[in-house]
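*Asks:* Okay, so the sequence shown: first residue is 3 according to the numbering used here, each after it adds one. Think of the CB as a built atom: it goes at the ideal place given N, C-alpha and C, for glycine as much as any other residue. Keep in mind the model is a prediction, meaning the values are calculated, not measured.
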Amino acid sequence: MQQDGATEIALLEESLPLTEVDFYDAIKKEFGTDCNEEFCIRLARAYRGEKKNRMGKTIGETRKVLEWRKQVKADELLETKLEQADVFAQSWPSMISGEDYYGHIINYDRLKDIQLDACLSHFNLEQVLLHRAKHMERLRAEMAAVSKRAGRRIYRHICIFDLSGIGLKHMAPSVINFLKPIFDLGQVYYPESLFRMYLVNAPFVFWGTWKIISNFIDPETKEKIQIFKNADSFVADAKKHGIPMSAIPKALGGESVGRMLDDNFVVSSCVPASE
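1) Going by DSSP, what residue range makes up the beta strand (DSSP E) through Gly100?
2) Would you call the CB atoms of Ile282 and Glu144 closer than 8 Å?
3) Considering only residues of the same chain and omitting the five flanking positions on each side of Arg155, which have a CB-CB separation below 8 Å?
4) How long is the line joining the alpha carbons of Cys37 and Leu181, rounded to whole angstroms?
5) To the nearest angstrom, how far is the alpha carbon of Glu128 from that of Asp27?
6) Looking at the unbroken alpha helix (DSSP H) that takes in Ile29, where does it start and where does it end?
7) Rounded to whole angstroms, what is the Cα-Cα separation between Gly169 and Gly188?
8) Whole angstroms are fine: how far does the CA of Ile107 sit from the CA of Phe33?
9) Grouping DSSP H, G and I as helix and E and B as strand, with all else coil, what is Ser17?
10) On a CA-only basis, which of Glu225, Pro95, Glu81 and Arg151 is nearest Leu196? Give me that one, please.
11) When the Cα atoms are used, what is the spatial distance from Leu254 to Lys171?
12) So the beta strand (DSSP E) His159 belongs to, where does it begin and stop?
13) Using the DSSP secondary-structure output, state which residues sit across from Arg198 in a beta bridge.
14) For Ala174, which of Val207, Val130 and Pro193 has the nearest alpha-carbon?
15) Quick one: what's got a C-beta closer than 6 Å to Asp265's C-beta in the same chain, skipping five residues either side?
16) Put Asp115 into one of helix, strand or coil per three-state DSSP.
17) Count the other C-beta atoms from every protein chain shown that fall within 10 angstroms of the C-beta of Thr21, then say buried if there are 16 or more, exposed otherwise.
18) Suppose the cutoff is 6 Å on Cβ atoms and the five residues either side in sequence are ignored; what does the same chain contact list for Val67 look like?
19) Which whole-angstrom value describes the C-beta separation of Val237 and Gly256, a residue pair presumed to lie in contact below a C-beta threshold of 8 Å?
20) If I measure Cβ to Cβ from Asn126 and keep anything under 7 Å in the same chain, skipping five residues before and after, which residues do I get?
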């Protein structure tokens with residue numbers, strides 16, 4: 003039987019009552035006020051693929067995430083002016099192009115806009131990861147606003163990565179090795195944050211590189227990634243998955259001009275438009 007839109011939204015795991023209560027309670031007991039409700043829920047739902055000792059994995063990974071957050075002062079990043087923030091924003095521009103039908107915000111990056119040489123010359127890996135951590139904190143802040151506006155819990159986002167302009171320099175071993183810790187930032191320190199990822203305009207030569215990259219992506223994340231040869235096939239699929247044309251970037255045939263995720267970014271209103 004076909005479900006109506008309201009039912010589909012209500013059945014999203016993020017919005018459902020937590021079933022992993024024992025994991026949630028264990029996290030709260032172990033770490034107390036160090037983690038808020040949304041954090042505990044994400045970590046309680048993570049590591050479902052761990053069959054032997056999920057509880058041990060959950061507590062161990064939660065400790066790792068909390069220690070990392072203290073180390074990089076993640077809770078202060080949105081109010082912190084990082085060194086060469088303008089240079090990083092120019093070297094790796096990123097934007098929010100809108101929301102899907104369910105309220106997931108959509109983060110769009112385009113490879114041809116990323117100045118790889120500038121990134122590698124101005125920043126070491128530690129600095130890149132700190133800027134990307136601030137990027138993730140911006141996404142979390144925006145998701146919190148959308149969640150409050152929608153009146154239901156939403157903590158996952160969508161990534162669209164446009165591979166237009168990919169060349170041999172992007173496939174060099176040094177670049178691929180650089181990508182692993184960037185992927186790990188999301189996988190390890192922001193678990194359960196990704197709803198879906200689209201890799202668009204993937205040329206034939208990309209597939210060889212993808213075989214290497216996919217080796218350091220965990221299975222659950224890999225299941226959320228779809229690859230498209232061109233923008234038309236992506237748009238057709240995206241619309242089926244509840245992404246309106248108004249949230250698809252103009253560069254891919256949509257209507258969105260987006261909002262840049264830089265130091266000028268302002269979190270959207272958490273008040274419904276009707277109010």
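*Replies:* Reading from the atomic positions:
1) Met97 to Glu101
2) As displayed, the chain neither begins before 3 nor continues past 277, which places residue 282 out of reach and without an answer.
3) Glu16, Ser17, Glu40, Ile43 and Ser149
4) 28 Å
5) 34 Å
6) Val23 to Phe33
7) 25 Å
8) 29 Å
9) helix
10) Glu225
11) 23 Å
12) His159 to Asp164
13) Ile160
14) Val207
15) Ala87
16) helix
17) exposed
18) Tyr191
19) 7 Å
20) none
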